[in-house]
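Q: A single structure is presented below for examination.
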Amino acid sequence: MSAVRTVLGDVPGGELGVCDAHDHLFFASPRLPGEELRDAAAARAELAAFREQGGGTVVQWRPYGLGRRAADLPALSRETGVHVVAATGLHQDVHYDQDTLAALRGPAADVFVAELTRGIGTSGVRAGLIKVAGGFHALDAHARWTMSAAAEAHHATGAPIAVHLELGTGALDVLELLCGGAGVPPDRVILGHLNRSPDPVTHRQAAGSGCWLAFDGPSRGNHATDWRMPDAVRDLAEAGFGDRLLLGGDTTTASARSVDGGPGMPYLLRRVAPRLALAVGDELVRRILTENPARAFAVDWH
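Under the numbering used here, the first residue of the sequence shown carries the number 2, and numbering increases by one thereafter.
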């Protein structure tokens, strides 16, 4: 039976409730010095604030080597009553030192499979998805290597693959590699950051493949496109792709958390969802937040 792999174990997709399909509780990268998400108390408060707005699940897109603190996640989930999904995979190479990448060059797919099936490190917490990343309008050698490893891990486990699209670009190249070349079913691929490049033609082409399109923000760094998100979602819905859409908050810095004065996870339900409902209606927003993620992240694990 299909199930979503949370940090507390596998649950039916129907139990997720309202889902933030792309966010972060912990995150540390040399690219964002001084903005690390490392405070467990702040993470707990953020989850509690999300719960108060009606949230039921947070899917973390935080991959290998970037401060996941997997061992802390089960307690946070229990204490707040919010399902949490962890990730394996690799981000862009700029987030890692070369020794880390060299050590993974051969066994990356095996590491992904182990974290999906046995657990992350010694935590016993199993990942529920694979996170990888493309480049700006292109896929460099690192992206091709990590996506090939992700495809191998998908075939071994069934896990969905979530893809960071740099500034929302490169969607069709990703689908060509993962689905066309590596044989990953499109409905196991989730493309992130489509809101950062509001190109309706590319959006429709990507959705037509059968993959998932995640609109995840708001973002200080990409605020110039935030206001276009409702129109982009409406365009896809009118084209018949409302059942392929996901919403997320993507809180990547400490200053972006609601408990530190930013919009944070609650903003997705407090402001983004009501604004989107004006464009596409309450019923579609409900499905995007509940039914769609229940299908996107549920897996026949093997």
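In this text, a Cβ means the ideal position worked out from N, Cα and C, and glycines have one as well.
(1) Take Ser259 as the anchor and find which of His25, Thr291 and Met148 has the nearest alpha-carbon.
(2) Just the C-alpha distance for Thr253 and Leu168, rounded to the nearest angstrom, thanks.
(3) With DSSP as the reference, please indicate the residues paired to Val291 in a beta bridge.
(4) Tell me, to the nearest whole angstrom, how far the beta carbon of Gly57 is from that of Leu9; I am working on the premise that it is less than 8 angstroms.
(5) Would you list the one or two residues that DSSP bridges to Leu246?
(6) Do Leu48 and Val59 have their CB atoms nearer than 8 angstroms?
(7) Curious, which full-length beta strand (DSSP E) runs of at least 3 residues does the segment 120-202 contain?
(8) Are the beta-carbon atoms belonging to Glu80 and Arg45 less than 8 angstroms from one another?
(9) What do you get for Ala225, buried or exposed, if any count of 16 or more other CB atoms within 10 angstroms of its CB means buried?
(10) Would you tell me roughly how many angstroms separate the C-alpha atoms of Tyr65 and Tyr97, rounded to the nearest one?
(11) Under 6 angstroms Cβ to Cβ from Ala240, same chain only, skipping five residues before and after it: list those, please.
(12) State yes or no: is the beta carbon of Phe298 nearer than 8 angstroms to at least one beta carbon in chain B?
(13) Could you work out which residue in Ala88, Ala238, Leu248 and Gln99 is closest to Ala151 when comparing CA atoms only?
(14) Give the DSSP bridge partners of Gln61, in chain order.
(15) Got a sec? Which residues, its chain only, sit under 8 angstroms from Cys180 by beta carbon, not counting five neighbours each side?
(16) For the 8 angstroms Cβ check, are there 3 or more pairs between the segment 118-137 and the segment 264-273?
(17) Can you tell me the Cβ-Cβ gap for Leu178 and Leu140, rounded? I've got them flagged as a contact below 8 angstroms.
(18) Which runs of the alpha helix (DSSP H) spanning at least 4 residues fall entirely within the segment 76-123, listed in chain order?
(19) Where DSSP assigns a beta bridge to Ala4, which residues make up the other side?
(20) Please list, in chain order, all residues of the same chain as Ala317 whose beta carbon is under 6 angstroms from its beta carbon, the five residues on each side excluded.
(21) Quick check on Gly68: does DSSP put it in helix, strand or coil?
(22) Can you give me the C-alpha to C-alpha distance between Pro294 and Leu247, rounded to a whole angstrom?
(23) Going by DSSP in three states, Asp40 sits in which element: helix, strand or coil?
(24) Tell me the DSSP secondary structure of Asp73 in three-state form.
(25) Which residues in the same chain have their Cβ closer than 8 angstroms to the Cβ of Thr203, if we skip the five residues on either side of it in sequence?
A: In short, the structure shows the following:
(1) His25
(2) 15 angstroms
(3) A small fix is needed here, since residue 291 is Thr in this sequence, not Val. Answer by DSSP bridge pairing: none, since Thr291 is not bridged.
(4) 13 angstroms between Cβ atoms; not a contact.
(5) Leu214
(6) yes
(7) 130-134, 162-165 and 190-193
(8) yes
(9) exposed
(10) 10 angstroms
(11) Arg205
(12) The question asks about chain B, but that chain is absent: this structure has only one protein chain.
(13) Ala88
(14) Asp24
(15) Pro186, Pro187, Val190, Ser210 and Cys212
(16) no
(17) 6 angstroms
(18) 99-105 and 109-118
(19) Val300
(20) Residue 317 cannot be examined here, being either before or after the span of the chain that is shown, 2 to 303.
(21) coil
(22) 7 angstroms
(23) coil
(24) helix
(25) Ala172 and Leu173
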